[in-house]
Structure formats: C-alpha cells, structure tokens
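Note that the protein sequences, when read in sequence, are chains P and X. Residues 1 to 196 (the numbering used here) are what the first sequence spells out, left to right. Residues 1 to 182 (the numbering used here) are what the second sequence spells out, left to right. We put the beta carbon where it would ideally sit given N, CA and C, even for glycine. The structure displayed is predicted, hence computed values, not measured ones. Following: one structure in structure tokens, then a few remarks.
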Amino acid sequence: MPDNGLTSRLPFFAGQNSPGAAAVRAKEQDVQLVERVANGDETAFAEFYRKFSPMVHGVVLARVRREDVDDIVQEVFLSAFRSIHSLREHGAVGGWLAMIARNKAAEFYRREKPSEELPEDLPERTNPRSEAHEILDVLRSLPEAYREPLILRLVEGMSGQEIADRTNLTPESVRVNLCRGMVLLRQKLGIEERKR
Amino acid sequence: MNEEYLWSKNGGDAEIERIESALKAFRHVESAPPIVSAVPANAAAQPKARARFTWRLALAFGAGVAVFVSVLGLLVQYPEGIALTALRSAGGSFEIRYGFEPAEEKKPEQSAPVRTHATVPRLRFAAASVARRPTVSNRNPEAASVKLTAEEREAYEQLMLALSITGSKLKLVQDKVNGSDD
C-alpha cells in the first residue's frame, strides 16, 4: 500500500498506518523471513543478516572490545542459522538473536586467553577519536538495562521504535531505559556540570 | 534533554547529536553475511543423534570387551576345574560362595553353616577358599584330564555357552562399528 497523505487521512487506512499496525506488519514479515531462512534460503538469510546485524552488533559492542565485535557477530549469525529450526515463536526472532549475541559475548570472555596489561608510562595517545572511546567506555559502564538501548540508539542510529521491534522489548520499557540511561550518561560525562 | 529526539529522532538536541556523531565511528559497517551454503539449516539435530548412537555403540563394545577379557582371564588362570557354587542357607542368613577350586582340594566341612549376627536373612559374599592357586609353573599335564563332577560339568558347559554368546555379540558390535564408519 503506497503511503500518501490521502490514505492516512481516511479512518480505515489511518488504523493501518498506526505504530501498532506497523509493529504487527513487521512481526509478520519477520515470521515469513524466519520460515524462509529455516528452509535454507540463502537470499532470505542475506536479508535476515542485513536486517538484524546492526542490532546484534550493538548488543555485542555493549560487552566486547570493538576489534572482536565483527567476528562475534558472524558467529552469532552462523549459530542462529544452525539452530533456527528450534525457534518456536518466529515473531520473537529479534529477542532470540539478542540472547544468542549476549551468550556469545559472555562465551568470548570465558575462552579469551589472559593478556598482559600495557605499562602505565606509555605516551598518551593523541587520537582524534579518543573522545568517542571515552564515551563508549562510559556507556559500557552503565547498567545493562540502559547500556544496550543507548548503544543501539547512539551508535547504531536506531530510533526507539526500531530498537523495540528488533529486540522484542516493549516500546515503553525502551523509552524509559533510553531516558534514564541518557540522564546517567550525561552525569557520568559531566555534561550537567559543564552547562552550569 | 529533548526526550522526543532521543526516542524518534524528531526535533533536535545538540548534546545528543554531538555524542551521536562521536560514536558514529563505532557503527556497524554493512558487510557480507557469513557463508552458510555448506551448513544445512537444521544441521544441529543430526550430529547430536549420530553422536548419541556412536556413544552407545562404543559403550556396548567396551562392555562386551570387558566381559570377554575377564572370562578369558579366569579360564587361563584356572584351567583345572571350575566350581561355581552355591547359594546356601546358613541359619537364617544366606551365603553365596563363588570361586574356582581344583576338584581334589574341596573340603566338605567348609560348607558348614555360618552363624552371623544378622537376625534377618541377608546376602553375603564369601570367597571360596582356594588353598593353592595353580600357576603356569606348577600346572601338570594331568590337570587337563581331571574328572569333573556332574555339577562342575554343568557349570563348565554354561560358561562355554555364555562365552559363545558373548563372542557372537562382540562380532555383531564389531560389524556395526565397521559398518557405521563406512
């Protein structure tokens, strides 16, 4: 259905364009996509990867060093492809994928070999992205409930509704966690103090 | 803080936008999906079932080998005669005697009732007294021609039957193992 001004003004079509109806449609699309992937359709898998990889990337980035994130994302999708037939509720694929991503990130830390820390007297890096690293470190130090939605919003550039759709969380909880997390992030970055 | 911008990206908030632009460097770069053509979509269930089957087969094979070796060992150690006896009643308790003893060394008084402290019937293992274990050095050629009693003969035949059954089962397991490897 083409989305033009006329359809949205008509009562019948207006209901179809509401956020709730959009969420239902998105869920139906997810169900069809998962069924195709489960049948071994590689094109569907590519589409599945394109749709969910930013979310998985964000979830993993909230826990793991940036250099290791891409490998873990690939692992998550391979693992999902192998076990997608065990997914009972196809509409809940986003939450299921997020759970696999969290488990893989935890597993990564379990199997990671111990490494030596760098000496403290190394010259300070003058990297233009050091502020970004600092912000990311602060983001990672936030409670888990705030960390994931904030990274998906600020790093991956997803809107609140998209985060809710991809992770199968309710929009209300995503909104609350985004706002509370943002307040905490600003406090930790000292933004409130700077304004004063 | 503009909460509406945080939720829907409508409107604007200078501070959030600054953070966003700084963190953009970490954003996911679209890449090719992992190659899955070699992996069947429901591959996970198949190796599990196969592993379970192989595990059971190995267990059965191991158990068969253990039985075979132990019986073979006993036969080698006691070639003169075998006396598998007996569940005897002994004043309210039961005594199971087992072991291998040469026919000529059996002492009938050893099977006398044994008093125990138990007042209720119970099972007790007691190794049969073997006065002298025949070794390779003291085996004589006459030992092979020792006459067996009817009871001993029956036990011997039963043991041979058990051995032949074990052998055939082992063969079956071996065939299955060889077949599954192909």
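With respect to the 7 Å criterion, residue 57 (chain P) and residue 34 (chain P) are not classified as neighbours on the basis of their beta carbons.
Chain P places a beta carbon closer than 7 Å to that of residue 8 (chain X), counting this residue as a contact. At a cut-off of 7 Å between C-beta atoms, residue 65 (chain X) does not count as an interface residue with respect to chain P.
Within the stretch 155-179 of chain X, no residue has its Cβ closer than 7 Å to any Cβ of chain P. With respect to residue 155 (chain P), residue 105 (chain P) sits apart: the two C-beta atoms are not nearer than 7 Å. In the displayed model, residue 38 (chain P) falls within a helix according to three-state DSSP.
The beta carbons of residue 25 (chain X) and residue 132 (chain P) sit about 5 Å from each other, so the pair counts as a contact at 8 Å. Looking only at X:20, X:11 and X:9, the smallest Cα-Cα distance to residue 139 (chain P) is reached by X:20. The beta-carbon separation of residue 90 (chain P) and residue 24 (chain P), rounded to 14 Å, does not stay under the 8 Å limit for a contact. The alpha-carbon separation between residue 169 (chain P) and residue 69 (chain P) amounts to approximately 23 Å.
At least one CB atom of chain P sits nearer than 7 Å to the CB of residue 26 (chain X). Residue 165 (chain P): member of the alpha helix (DSSP H) spanning 160-167, first to last residue.
A distance below 6 Å between beta-carbons, with the five flanking residues on each side excluded, links residue 87 (chain P) to the following residues of its chain, in chain order: 96. Cα atoms of residue 182 (chain P) and residue 55 (chain P): separation of roughly 19 Å, rounded to the nearest angstrom. Contact annotation for residue 90 (chain P) against chain X: no contact, minimum CB-CB distance about 13 Å [criterion: below 7 Å].
Each residue's CA atom was taken as its position, placing residue 15 (chain X) and residue 109 (chain P) some 33 Å apart. Counting the other CB atoms within 10 Å of its CB gives residue 53 (chain X) a total below 16, which places it among the exposed residues. For residue 154 (chain P), the enclosing alpha helix (DSSP H) has its first and last residue at 144-154. Around residue 185 (chain P), the same chain offers 138, 139, 142 and 150 as residues with beta carbons nearer than 7 Å, after the five sequence neighbours per side are excluded.
Counting only residues of its own chain and dropping the five nearest sequence neighbours on each side, residue 166 (chain P) has a CB closer than 6 Å to the CB of 55 and 94. In the structure shown, residue 54 (chain P) adopts helical secondary structure according to DSSP, grouped into three states. Taking the Cα of residue 189 (chain P) as reference, the smallest distance to any Cα among X:3, X:147, X:18 and X:73 is reached at X:18. Residue environment for residue 9 (chain X): buried (at least 16 other C-beta atoms within 10 angstroms of its C-beta). Linking residue 60 (chain X) to residue 173 (chain X) through their CA atoms gives a straight-line distance of about 7 Å. In the DSSP assignment, residue 77 (chain P) falls within the unbroken alpha helix (DSSP H) covering 66-83. From the beta-carbon of residue 51 (chain X), no residue of chain P is found nearer than 9 Å; the closest lies around 15 Å away.
As the crow flies, the alpha-carbon of residue 169 (chain X) is around 54 Å from that of residue 52 (chain P).
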